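In the UniProt record's numbering, the protein residues as written are 1 to 246.
Glycine included, each C-beta is placed from N, C-alpha and C at the ideal position.
Only a predicted model underlies this, so the values are computations on that prediction, with no experimental measurement involved.
These notes are about the structure you will find just below.
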Amino acid sequence: MKDGTTTDLWLDPWLGSRSLLEILGGQLDREARRGLTCSRIIRDGVWRPEGYPFTGQLAAKIHLIPIDANQTEDSWSWAGSGTGGGSGLFCFRSCYDLVRTHHDQAEEVDFIWGKGVARKMQLCAYRLLRGRLMTRDRLIRFGMLIPDAKCVLCTDANESMGHLFFGCPVTWHIWTEQCAQLRGGVGMDRDIRSILSWIRDHRGRDPGWARRARVRLAASVWHIWKERNRRIFEGLTTPLLEFYII
């Protein structure tokens with residue numbers, strides 16, 4: 001971003017893959033968004049988004065975008081991965097890598113939403129895949145005052161999605177049991193995306209096994225998240241022997 005005079009504030013995707021119009025949608029008055037450029041929220045080379053309908057998270061994201069005060073005209077560069085991505089120049093290889101990544105992510109989502117899993121479990125697993133579960137580290141990042149950031153299951157480390165589901169010694173026993181039930185099938189890389197990829201790669205050999213693995217994955221994620229919320233909001237703890245049974 002330079003002086004912002006040639007970048008449409010609402011219609012150009014200058015903040016990421018979507019425009020502000022797509023992000024905020026109906027919150028915007030049609031007349032208020034007509035013909036405005038990013039220069040309206042830049043003063044003296046500094047972002048000034050105050051007075052516009054931006055959430056705190058969105059405003060923080062805007063402030064992270066560097067402004068080059070030495071240049072006067074905005075420019076666009078290719079941000080795809082690969083050889084062309086680093087130079088800002090488009091190349092077909094980087095475009096292919098980008099499309100392939102989005103295709104893999106779409107397959108993961110479709111796999112989660114397959115038949116045979118309760119909707120609440122699918123939703124929980126989907127939010128984990130997208131990094132949208134409100135664990136304590138995220139709440140703190142969003143400015144909420146949290147008295148204790150520790151994981152309520154083990155109290156050994158701060159709570160994050162990675163720790164709660166795949167790094168906590170308490171929940172690790174659940175995954176160990178699930179692997180045993182699936183007869184050593186699932187490769188545990190402590191990451192839901194890696195587990196989904198493992199299951200998808202092996203479903204051609206045994207579709208029935210893949211369906212069972214998908215159900216157990218979603219049920220385990222839901223079980224862990226439910227126990228976490230039970231301890232935080234109800235002050236109740238499920239006995240470990242009972243907790244490990246899904």
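For residue i, the first and last residue of its enclosing alpha helix (DSSP H)
i              : result
tryptophan 175 : 169-181
histidine 163  : Premise fails: histidine 163 is in no alpha helix (DSSP H) and is neither H nor E.
cysteine 38    : Neither: cysteine 38 is in no alpha helix (DSSP H) and is coded neither H nor E.
cysteine 124   : 119-129
aspartate 137  : 136-141
isoleucine 199 : 192-202
leucine 24     : 20-24
Three-way DSSP call (helix, strand, coil) for residue i in this model
i             : result
isoleucine 65 : coil
proline 239   : coil
valine 221    : helix
arginine 46   : Note that residue 46 is valine in the sequence shown, not arginine. The answer is strand: DSSP assigns valine 46 an E or B state.
proline 13    : coil
lysine 2      : coil
lysine 115    : coil
Reference residue i; option with closest CA among the options
i              : options                         : result
leucine 15     : Gly4, Ile62, Glu50 and Asp44    : Ile62
methionine 161 : Pro13, Leu128 and Ala218        : Leu128
arginine 216   : Leu24, Lys115, Thr237 and Leu64 : Lys115
aspartate 191  : Arg214, Arg211 and Gly167       : Gly167
methionine 134 : Arg212, Lys226 and Ser194       : Lys226
Test item: CB-CB of residue i and residue j under 9 Å
i            : j                 : result
alanine 149  : arginine 136      : yes
aspartate 3  : serine 19         : no
residue 259  : phenylalanine 165 : Outside the displayed range of the chain (1 to 246) lies residue 259, so it cannot be described from this structure.
arginine 214 : valine 117        : yes
Integer-rounded CB distance, given that residue j should sit under 8 Å from residue i
i              : j              : result
isoleucine 224 : isoleucine 174 : 7 Å
residue 250    : proline 53     : Outside the shown range of the chain, which is 1 to 246, sits residue 250, and nothing can be said about it.
alanine 218    : isoleucine 140 : 27 Å between Cβ atoms; not a contact.
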